[in-house]
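Engineer:
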Amino acid sequence: MEAKLSLWDRLARPIGSALIVLFSVVCVWLTFGFQVAENRASFWDRVLALPTTAENYFFDIRATTQFKTDQREENLVVVKLDEDALEAVGRWPWTRLKVAGLLDRLHSYGARAVALDVIFPEPESDAADGALAASIARFQEGDAGRAVIIGYGLALDVEDGAPEVPVDLGFSVVNGNIGNQTISGFRHVHRQNFVA
Numbered sequence: 034m035e036a037k038l039s040l041w042d043r044l045a046r047p048i049g050s051a052l053i054v055l056f057s058v059v060c061v062w063l064t065f066g067f068q069v070a071e072n073r074a075s076f077w078d079r080v081l082a083l084p085t086t087a088e089n090y091f092f093d094i095r096a097t098t099q100f101k102t103d104q105r106e107e108n109l110v111v112v113k114l115d116e117d118a119l120e121a122v123g124r125w126p127w128t129r130l131k132v133a134g135l136l137d138r139l140h141s142y143g144a145r146a147v148a149l150d151v152i153f154p155e156p157e158s159d160a161a162d163g164a165l166a167a168s169i170a171r172f173q174e175g176d177a178g179r180a181v182i183i184g185y186g187l188a189l190d191v192e193d194g195a196p197e198v199p200v201d202l203g204f205s206v207v208n209g210n211i212g213n214q215t216i217s218g219f220r221h222v223h224r225q226n227f228v229a
């Protein structure tokens, strides 16, 4: 006859397995939280941010596996400004004259739309501003193309002594409040209107 097992003996293995699984889940949760939420103020802020952190991680996995990358659009070209381009052309940010030249070159290649996602943080001469404005105007002549500038402006605090002045390039505004009005971590940079 077999000896009866005590309650503890019967539950030890399932409880041990559950504790191992729980410990593993907590370790993974804390790993995600400390890697991504490093700028959080306290331990509990990191713990509370973990569901969002995990969702962001799994969204990246879904985005890379869900969309078909073998089907490419032949009419879409991305001009990537990488280290090789910077070595060939020069410093970054490029001057408005260089951006105007790039826009003219793309127009001569038959581009129908151009999106420039750049920040012009430093003031330039009226001639450089005029050259970029003229390049945009040439690009928009007829039905050949349409230039879209995704712009950013530098905002001054009131205590800096200068009011924020809206920039008028003389082009139509597509939508006045697209995107975020501030960029996280950069209090002097904010999104401007789309210009077309």
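Taking this note's numbering, the leading residue of the sequence shown gets 34, the next gets one more, and so forth.
Don't be surprised by glycine CBs; every beta carbon is placed ideally from N, CA and C.
1. With the cut-off set at 7 Å, would you say Leu165 and Ala133 are in Cβ contact?
2. Looking at Glu157: is its Cβ nearer than 7 Å to the Cβ of Arg129?
3. Tell me whether the beta-carbon of Trp127 lies closer than 7 Å to the beta-carbon of Leu119.
4. Could you check whether Leu136 and Ser168 sit closer than 7 Å to each other, using their CB atoms as the reference points?
5. For the beta strand (DSSP E) that contains Glu165, what are its first and last residues?
6. Can you tell which of Tyr142, Ala160, Gly143 and Lys113 has the C-alpha that lies nearest to the C-alpha of Val151?
7. What would DSSP say about Leu149, mapped onto helix, strand or coil?
8. Using 10 angstroms around the beta-carbon of Phe76, count the other beta-carbons present and answer buried if the total reaches 16, otherwise exposed.
9. Where does Ser39 fall in DSSP's three states?
10. Take Gly49 and list the residues in its own chain whose beta-carbon comes closer than 7 Å to its own, dropping the five residues that flank it on each side.
Structural biologist: Per the coordinate set shown:
1. Here residue 165 refers to the residue found at position 132 when the sequence shown is read from its first residue. Here residue 133 refers to the residue found at position 100 when the sequence shown is read from its first residue. Yes, the Cβ-Cβ distance between Leu165 and Ala133 is below 7 Å.
2. On the sequence shown, position 124 is the one that residue 157 refers to. On the sequence shown, position 96 is the one that residue 129 refers to. For Glu157 and Arg129, yes; Cβs fall inside 7 Å.
3. The residue you call residue 127 lines up with position 94 of the sequence shown. The residue you call residue 119 lines up with position 86 of the sequence shown. No, Cβ-Cβ distance for Trp127 and Leu119 is not below 7 Å.
4. On the sequence shown, position 135 is the one that residue 168 refers to. On the sequence shown, position 103 is the one that residue 136 refers to. Cβ distance < 7 Å, so Ser168 and Leu136 count as in contact.
5. Position 132 of the sequence shown holds residue 165. Note on residue identity: the sequence assigns Leu, not Glu, to residue 165. Element bounds for Leu165: not the beta strand (DSSP E) but the alpha helix (DSSP H), Asp159 to Phe172.
6. Reading the sequence shown from its first residue, position 118 is the one you call residue 151. It is Lys113.
7. Along the sequence shown, one-based indexing puts residue 149 at 116. Residue state, collapsed to three classes: strand.
8. As a working mapping, residue 76 is identified with position 43 in the sequence shown. Exposed, because fewer than 16 other Cβ atoms sit within 10 Å of the Cβ of Phe76.
9. Your numbering for residue 39 matches position 6 in the sequence shown. Looking at Ser39 - three-state DSSP - the assignment turns out to be coil, as it is neither helix nor strand.
10. Residue numbering aside, residue 49 sits at position 16 when the sequence shown is read from its first letter. Counting only Cβ-Cβ distances below 7 Å, and skipping sequence neighbours, we find nothing.
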